[in-house]
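Worksheet: the structure to be examined is printed underneath.
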Amino acid sequence: MLAAHALVDGRDSPALRELAGLPRRSDETEIRELYVQALDELGIPLPDEETAGRRLLVSLAVGLANAELSPKEVVDQLSMTVAARTPEETQFLSIAADYSEWMSADELPGWENGLRTAAHSLTVSTELGSGIGKHACQTRATMTRIDSRSAGLCSP
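Under this note's numbering, the residue at position 50 of the sequence shown is numbered 207, and the numbers go up by one with no gaps.
Printed below as a string of structure tokens:
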């Protein structure tokens, strides 16, 4: 789905078109190979793992700040292996890590508000999120499962 949105956004390459046409339950190896090939054809460098993780962190914050993702969706998609390099990234990760399915109904709104506040702070403090929009936030979970370095299609 991310590949289809990239096409709609004006990016085009043979591998990207092929990737966009694959069924949802396609072989992950085939998807990953086409993904890397599409990035190469588009002249988008495959980010290193740290940069990709930080872009994922920012894109989740953007999705939350824009009300495209719920706090629970952010936590479900966030890998705690992401390295924070700024105080805003650290705060966002720290609050996200505090989530527990055993939070009481009284605790949950405070946690959600704290995560939204941290997401807003992160989105206004970084340039890593440029080019991350609604389409990317809607399909991020699928691509993240395929390759943790999927943030490449979101970069300008």
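Positions of the beta carbon are idealized from the N, C-alpha and C atoms, including for glycine.
It should be emphasised that the depicted structure is a prediction, and the values quoted were computed from it without experimental measurement.
Using 8 Å as the threshold, is the region 221-238 in touch with the region 268-278, meaning 3 or more CB pairs across them? yes
Whole angstroms are fine: how far does the CA of E245 sit from the CA of E207? Here the question's residue 207 lines up with position 50 in the sequence shown. Here the question's residue 245 lines up with position 88 in the sequence shown. Looking at the two C-alpha atoms, the distance is approximately 16 Å.
Starting from N270, follow the alpha helix (DSSP H) in both directions and report where the run begins and ends. Locating residue 270 in the sequence shown gives position 113, counting from the first residue. Segment 265-282, the alpha helix (DSSP H) holding N270.
With a threshold of 16 other CB atoms inside 10 Å of the CB of V165, please say whether the residue is buried or exposed. The sequence position of residue 165 within the sequence shown is 8, counting from 1. Exposed.
Please report the distance separating the alpha-carbon of E258 from that of L265. Here residue 258 refers to the residue found at position 101 of the sequence shown. Here residue 265 refers to the residue found at position 108 of the sequence shown. Their Cα atoms are separated by approximately 9 Å.
Would you identify the three-state DSSP class for Q170, choosing helix, strand or coil? What you label residue 170 is simply residue 13 of the sequence shown in a count that begins at 1. Position check: residue 170 holds Ser in this sequence, whereas Gln was assumed. In this structure, S170 counts as coil in the three-state DSSP scheme.
Less than 7 Å between the C-beta atoms of L214 and V239, yes or no? Counted from its first residue, the sequence shown places residue 214 at position 57. Counted from its first residue, the sequence shown places residue 239 at position 82. Yes, the Cβ-Cβ distance between L214 and V239 is below 7 Å.
Let me check understanding here. Comparing Cα to Cα, which of R174, I201, L199, G200 lies closest to I188? Within the sequence shown, the letter at position 31 stands for residue 188. Cα-wise, what sits closest to I188 is R174.
By Cβ distance below 6 Å, which residues in the same chain neighbour S170 in space, the five residues on each side in sequence not counted? One-based indexing of the sequence shown puts residue 170 at position 13. For S170, where only same-chain residues beyond five positions count, the Cβ hits under 6 Å are A195, E198, L199.
Who are the near neighbours of L217 in its chain, counting only those whose CB is closer than 7 Å to its CB and skipping five residues on each side? By 1-based counting over the sequence shown, the position of residue 217 is 60. Closer than 7 Å at the Cβ level, and outside the excluded window around L217, lie L226, V231, Q234, L235.
Report back the beta-carbon spacing between A241 and T247 to the nearest angstrom; my notes put them in contact at under 8 Å. Mapped onto the sequence shown, residue 241 falls at position 84. Mapped onto the sequence shown, residue 247 falls at position 90. Confirmed, Cβ separation roughly 4 Å.
Would you call the CB atoms of A222 and T280 closer than 7 Å? Translated into the one-based positions of the sequence shown, residue 222 becomes position 65. Translated into the one-based positions of the sequence shown, residue 280 becomes position 123. Yes, Cβ-Cβ distance for A222 and T280 is below 7 Å.
Cα-Cα, which of D263, L159, Y256, S251 is closest to L191? Mapped onto the sequence shown, residue 191 falls at position 34. Cα-wise, what sits closest to L191 is L159.
Would you report the Cα separation of D184 and D263, rounded to the nearest angstrom? As a working note, residue 184 is residue 27 in the sequence shown. As a working note, residue 263 is residue 106 in the sequence shown. Rounded to the nearest angstrom, the two C-alpha atoms are 43 Å apart.
Compute the Euclidean distance between the alpha carbons of S278 and V219, then round it to the nearest angstrom. Here residue 278 refers to the residue found at position 121 of the sequence shown. Here residue 219 refers to the residue found at position 62 of the sequence shown. Each residue's alpha carbon lies about 10 Å from the other.
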